[in-house]
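There are 2 protein chains.
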Amino acid sequence: MSQIPLARRSPIPPENCNLARAIELIGDRWTMLILRAALYGVRRFDDFQSELKCPRTVLSGRLKVLVDAGLLTRRTYKVPGKRARPEYVLSAMGISLRPILIGLTQWGDVWLGQGEPAPISFTKAGSKGAIRAAFVDAEGREVRPDQIRAVLRG
Amino acid sequence: MSQIPLARRSPIPPENCNLARAIELIGDRWTMLILRAALYGVRRFDDFQSELKCPRTVLSGRLKVLVDAGLLTRRTYKVPGKRARPEYVLSAMGISLRPILIGLTQWGDVWLGQGEPAPISFTKAGSKGAIRAAFVDAEGREVRPDQIRAVLRG
DNA sequence: CCTCTGGATTTAGAAAGCGAACCCTTTCAG
DNA sequence: CTGAAAGGGTTCGCTTTCTAAATCCAGAGG
């Protein structure tokens, strides 16, 4: 049943594991919901707030963390006739999380969808069929999950 | 610079978004670190605890949530000469998070790796080249990130 | 019986989350 | 010129959650 052999410890101590580091940074309810909104194009403080309905204190704190970490860039926008305001846009670092959040969306569609069809799906530009998260080798060919092997350095 | 057009709201209200649901469930530091350890083969309460160094109260609470949600299965193991104990093994639902956590690992390798080579990499069974998380179409051909399009239902 | 071991619960103090109210700056309307 | 509005925050108390340490509990072995 369990494809994963028993281990008493993980092979990499969490304190120098990049997965653990990523989890420290973005493994937080509000942080992830902010990134979700940002990937859908939300940029402004009040838009985040009314989308997430989270305390403004939490929001401003998380935005600060994400800017400091380099996931978001704080820059100024100006609507004519209004005063200049900051907006928070995803950096390359932030945008590169998109495949992961899409993967998590599809995981949620499968396991948390409550039988309803997925409200959003993803396709390749110009074609119709759905795409999915998977693993590929250097040439871009899919590698099936049971063929994945982990290799420790050294 | 920003490839994502401005939006005031996300196209799917968070309360019936499967990504938001997934974030509610696993978007938590300890929960994700538990899943990380579980994907490396850790199964037992004390092993999780010494791996994560988290409060035992938190650990037992999180394990309960993950069991209730169906990500982990609680079953009994018995070492001869010892009393029977519960162990927490990943269900199919839990195992199917693996591509996502591997993708996050690789994201961390790129952005949080502090210049060091990745401590763990992934290959296809029997070959040597590294594999990576990506999107594929129905035929298993890679779809580049910039070619991904979201399609709303209805 | 007494102790050891793994899997938890209890307890009390620290930290973080929360909602409401307030502040600050610029712009527009009267 | 004065007042109100709008966006982007901070301040203030209160409540929840986290955390660490101690305790409990059941069965096995001596």
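Residue numbers (our numbering), protein chains in the order written: chain A, 9 to 162; chain B, 9 to 162. Don't be surprised by glycine CBs; every beta carbon is placed ideally from N, CA and C. Everything numeric in this text was worked out from a predicted model, so none of it was measured.
In the DSSP assignment, find the alpha helix (DSSP H) that holds residue i and state where it starts and stops.
i: V75(A); result: 64-77
i: I20(B); result: I20(B) -> no alpha helix (DSSP H), and no H or E assigned at all.
i: L160(A); result: Per DSSP, L160(A) belongs to no alpha helix (DSSP H); it is in the beta strand (DSSP E), 156-160.
i: S58(B); result: 53-60
i: I31(A); result: 26-34
i: P107(A); result: 106-119
i: L14(A); result: Note, L14(A): premise wrong, no alpha helix (DSSP H); not H, not E.
Below 7 Å CB to CB, which residues in the same chain sit around residue i once its five sequence neighbours on both sides are set aside?
i: L109(A); result: L43, R44, L47
i: K132(B); result: I139
i: R64(B); result: Q57
Ends of the beta strand (DSSP E) at residue i?
i: R140(B); result: 140-144
i: R152(B); result: Careful: R152(B) lies outside any beta strand (DSSP E) and carries neither H nor E.
i: E82(A); result: The question names Glu, but residue 82(A) is Arg in the sequence shown. That run of the beta strand (DSSP E) goes 80-85.
i: L98(B); result: 93-98
i: I128(A); result: 128-132
By alpha-carbon positions, which one of the options ends up nearest to residue i?
i: V75(B); options: L98(B), C62(B), K86(B); result: L98(B)
i: P127(B); options: M40(A), L160(A), R52(A); result: L160(A)
i: A141(B); options: Q122(A), P107(A), T84(A); result: P107(A)
i: M163(A); options: L71(A), E147(A), P94(A); result: Given that chain A is displayed from residue 9 to residue 162, the structure contains no residue 163(A) and the question cannot be resolved.
i: I120(B); options: N24(A), R16(A), S18(A), G69(A); result: Correcting the residue identity first, residue 120(B) is Leu in this sequence and not Ile. The option with the nearest alpha carbon to L120(B) is N24(A).
i: W115(A); options: W115(B), E124(B), L105(B); result: L105(B)
i: I31(B); options: F130(A), Q155(A), G162(A), L112(A); result: L112(A)
i: L79(B); options: P63(B), S18(B), L33(B); result: L33(B)
i: F130(A); options: D36(B), I20(B), R157(B), L67(B); result: R157(B)
i: A146(B); options: A146(A), K136(A), D145(A); result: K136(A)
i: R82(B); options: G134(B), F143(B), R16(B), V73(B); result: V73(B)
i: Q8(B); options: A77(A), E124(A), P88(A), G134(A); result: Nothing can be reported for residue 8(B): it is not among the residues displayed for chain B, which extend from 9 to 162.
i: P13(B); options: P13(A), P88(A), I103(A); result: I103(A)
i: E124(B); options: K90(A), G35(A), G162(A), V144(A); result: G162(A)
i: G69(B); options: D36(B), F143(B), G134(B), G89(B); result: D36(B)
Under a CB-based cut-off of 8 Å, is residue i close to chain A?
i: L42(B); result: What sits at residue 42(B) in the sequence shown is Ile, not Leu. I42(B) does not count as touching chain A.
i: Q57(B); result: no
i: R82(B); result: no
i: V151(B); result: yes
i: L71(B); result: no
i: L98(B); result: yes
i: L74(B); result: no
i: R64(B); result: no
i: G123(B); result: no
Check whether the Cβ of residue i sits closer than 7 Å to any heavy atom of the ligand FMN, and report yes or no.
i: T131(A); result: Ligands displayed in this structure: none; no statement on the ligand FMN is therefore possible.
Under a CB-based cut-off of 8 Å, is residue i close to chain B?
i: L47(A); result: yes
i: C25(A); result: yes
i: V87(A); result: no
i: A158(A); result: yes
i: K90(A); result: no
i: L67(A); result: no
i: P127(A); result: yes
i: R17(A); result: yes
i: R93(A); result: no
i: F53(A); result: no
Sorted by chain position, which residues of the same chain lie with C-beta nearer than 6 Å to residue i's C-beta, five sequence neighbours on each side aside?
i: D117(A); result: A126
i: P22(A); result: A28
i: R52(B); result: E95
i: C62(A); result: W38
For residue i, which residues from the same chain have a beta carbon less than 8 Å from its beta carbon, with the 5 sequence-adjacent residues on both sides left out?
i: A92(A); result: T84, Y85, K86
i: A100(A); result: none
i: V50(B); result: F56, E59
i: D154(B); result: Q11
i: L67(B); result: W38, I42, F53, F56, Q57, L60
i: S18(A); result: C25
Original post:
Touching or not, the stretch 142-157 of chain B and the stretch 48-57 of chain A, by the rule of three or more beta carbon pairs under 8 Å?
Top reply: No, because fewer than three Cβ pairs between the stretch 142-157 of chain B and the stretch 48-57 of chain A fall closer than 8 Å, the two stretches do not touch.
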